[in-house]
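I have placed the structure first, in the form of structure tokens, so that the comments after it can refer back to it.
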Ligand code: DWN
Ligand code: ZN
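Numbering (this note's numbering), first residue to last: 296 to 703.
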């Protein structure tokens with residue numbers, strides 16, 4: 296009998312379609328000498344709601360376990376992503392933040408790329424983020440409130456600063472299981488003509504590319520236009536625009552406004568129709584996705600075992616949160632991948648979650664190139680391959696596993 300739980304959006308029945316079994320926290324890199332027996336594990340499984348079609352995790356990890364002082368991810372680690380956010384900040388400044396006293400609020404501001412761009416243009420803004428990386432934004436003189444964002448937070452911001460013209464969240468909203476509280480806060484804080492814009496990994500791309508490593512503790516929801524439209528309507532909000540984005544392996548930028556405040560763009564109806572045609576939220580499609588995940592894992596472990604038996608060196612590239620589910624689900628440890636190269640100081644010298652592969656600075660990768668680099672940061676492939684031409688010239692090869700396992 297299939298397992299079920301209650302939907303965090305509408306309380307409907309969520310039916311499980313894939314079980315990644317026991318998994319650690321994807322961004323919990325163990326410091327040397329830390330108590331391995333205290334490592335946190337949970338059952339990572341994913342299902343879909345029969346009522347509202349929201350795809351979501353079956354179990355929730357307490358938020359304080361994930362987003363705390365030691366949270367290691369820095370959004371500004373990719374030049375491509377920095378440019379992506381700076382360009383969008385410019386667009387918002389010229390389209391939405393044009394009034395006499397505009398106000399911008401960012402939920403999950405991380406190290407402050409967007410806030411910096413707005414501050415440079417003189418737009419008053421506030422970032423809300425509970426994790427230690429927000430200190431980096433504050434240290435740049437940007438205004439940050441170090442807390443989780445929920446209904447009460449929105450009320451306090453409204454009383455202190457007044458309504459927001461733009462509320463923005465990049466790679467954050469899908470991280471929040473108590474999303475009803477966030478949306479009721481947004482409804483209060485958003486100015487009558489304002490917009491709530493958020494961008495997150497897109498279910499349609501995840502299904503199409505079998506990018507199963509987008510499913511982990513932090514990614515509680517996998518959004519689609521259909522599920523977002525439904526969720527917004529419960530809070531008096533309306534989906535008025537969607538934009539496909541090439542970043543992080545395929546995302547959608549959703550724009551919500553107060554119901555009736557704006558005319559929805561044709562892109563909304565187009566994406567809804569495409570989702571309907573492709574049946575991206577139907578159980579048979581999602582079960583087929585699960586079969587593809589099993590095939591990728593089998594092919595990847597077979598390749599790594601073959602390389603090991605022929606004496607080749609394999610190093611991981613990018614100690615991503617995504618790599619945690621790949622390594623733990625497929626059973627890839629330090630016996631198959633010597634170390635993982637990563638430019639983030641807070642990950643270096645530590646061990647990856649669960650399987651405990653050492654994370655080393657990039658200098659160790661370039662000092663003695665391996666035969667193969669397993670590209671865990673595949674979403675940054677273009678930027679990384681451009682930078683790593685010497686590795687190629689030295690005979691190095693890349694191992695990719697999305698949408699299928701191949702050597703390039
Ligand atoms: O949603 C989330 C996304 C946006 O960021 C979070 N839940 C957590 C995090 O996920 P991730 O760790 O999978 O994100 P990235 O952006 O794929 O991580 C890239 C990793 O690779 C970083 O640790 C930095 C590293 N890196 C590197 O070593 N050399 C990245 C680039 C571009 C490089 O050249
Ligand atoms: Zn639901």
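Using N, Cα and C, we set each Cβ at its ideal position, and we do this for glycine too.
Residue j beta carbon less than 8 angstroms from that of residue i
i, j, result
"residue 563", "residue 547", "no"
"residue 585", "residue 399", "no"
"residue 671", "residue 635", "yes"
"residue 550", "residue 490", "yes"
"residue 706", "residue 319", "In the structure as shown, the chain begins at 296 and stops at 703. Residue 706 is therefore absent and cannot be evaluated."
"residue 512", "residue 339", "yes"
"residue 612", "residue 669", "yes"
"residue 555", "residue 500", "no"
"residue 302", "residue 346", "yes"
"residue 387", "residue 461", "yes"
"residue 426", "residue 363", "yes"
"residue 315", "residue 650", "no"
"residue 416", "residue 459", "no"
"residue 291", "residue 498", "Outside the shown range of the chain (296 to 703) lies residue 291, about which nothing can therefore be said."
"residue 471", "residue 515", "yes"
"residue 597", "residue 625", "no"
"residue 437", "residue 414", "yes"
Between the CA atoms of residue j and residue i - distance to the nearest angstrom
i, j, result
"residue 601", "residue 652", "19 angstroms"
"residue 703", "residue 542", "21 angstroms"
"residue 456", "residue 418", "13 angstroms"
"residue 599", "residue 570", "36 angstroms"
"residue 381", "residue 423", "18 angstroms"
"residue 665", "residue 589", "27 angstroms"
"residue 522", "residue 349", "5 angstroms"
"residue 445", "residue 688", "50 angstroms"
"residue 633", "residue 657", "14 angstroms"
"residue 412", "residue 431", "15 angstroms"
"residue 654", "residue 622", "14 angstroms"
"residue 391", "residue 691", "47 angstroms"
"residue 604", "residue 627", "15 angstroms"
"residue 365", "residue 443", "15 angstroms"
"residue 646", "residue 328", "10 angstroms"
"residue 580", "residue 557", "33 angstroms"
"residue 337", "residue 317", "5 angstroms"
"residue 342", "residue 394", "43 angstroms"
"residue 682", "residue 676", "10 angstroms"
"residue 379", "residue 607", "37 angstroms"
Distance cut-off 7 angstroms: residue i Cβ against heavy atoms of the ligand FMN
i, result
"residue 322", "You won't find the ligand FMN in this model; what it holds is the ligand DWN and the ligand ZN."
Residue i, enclosing beta strand (DSSP E) - first and last residue
i, result
"residue 465", "459 to 465"
"residue 313", "308 to 319"
"residue 400", "399 to 402"
"residue 695", "692 to 695"
"residue 548", "546 to 553"
"residue 341", "336 to 344"
"residue 601", "Element bounds for residue 601: not the beta strand (DSSP E) but the alpha helix (DSSP H), 578 to 604."
"residue 445", "Run containing residue 445: none; DSSP gives neither H nor E here."
Limits of the alpha helix (DSSP H) - the one that residue i falls within
i, result
"residue 499", "498 to 504"
"residue 479", "474 to 484"
"residue 658", "657 to 662"
"residue 618", "616 to 625"
"residue 375", "374 to 390"
"residue 609", "No alpha helix (DSSP H) contains residue 609, which is instead part of the beta strand (DSSP E) from 609 to 612."
"residue 646", "Neither: residue 646 is in no alpha helix (DSSP H) and is coded neither H nor E."
"residue 565", "561 to 573"
Anticipated Cβ contact below 8 angstroms, residue i with residue j, distance rounded
i, j, result
"residue 377", "residue 408", "6 angstroms"
"residue 404", "residue 344", "At roughly 30 angstroms, the Cβ-Cβ gap does not stay under 8 angstroms, so residue 404 and residue 344 are not in contact."
"residue 642", "residue 614", "5 angstroms"
"residue 559", "residue 534", "7 angstroms"
"residue 410", "residue 452", "Actually they are not in contact, since the Cβ atoms of residue 410 and residue 452 sit about 14 angstroms apart, beyond 8 angstroms."
"residue 310", "residue 578", "7 angstroms"
"residue 371", "residue 678", "At roughly 13 angstroms, the Cβ-Cβ gap does not stay under 8 angstroms, so residue 371 and residue 678 are not in contact."
"residue 593", "residue 508", "Going by Cβ atoms, the distance from residue 593 to residue 508 rounds to 15 angstroms, so no, they are not a contact pair."
"residue 298", "residue 361", "No, residue 298 and residue 361 are not in contact; Cβ-Cβ is about 23 angstroms, not under 8 angstroms."
Cutoff 7 angstroms; reference residue i; Cβ partners in own chain excluding five residues on either side
i, result
"residue 367", "322, 324, 639, 641, 642"
"residue 505", "584, 587, 588, 591, 697, 698"
"residue 479", "446, 530"
Residues near residue i by beta carbon distance below 6 angstroms, same chain, minus five either side
i, result
"residue 449", "480, 483, 484"
"residue 705", "The shown model of the chain, from 296 to 703, leaves out residue 705, and the question about it has no answer."
"residue 510", "341"
Cβ neighbours of residue i in the same chain (closer than 8 angstroms, five flanking residues each side left out)
i, result
"residue 661", "685, 686"
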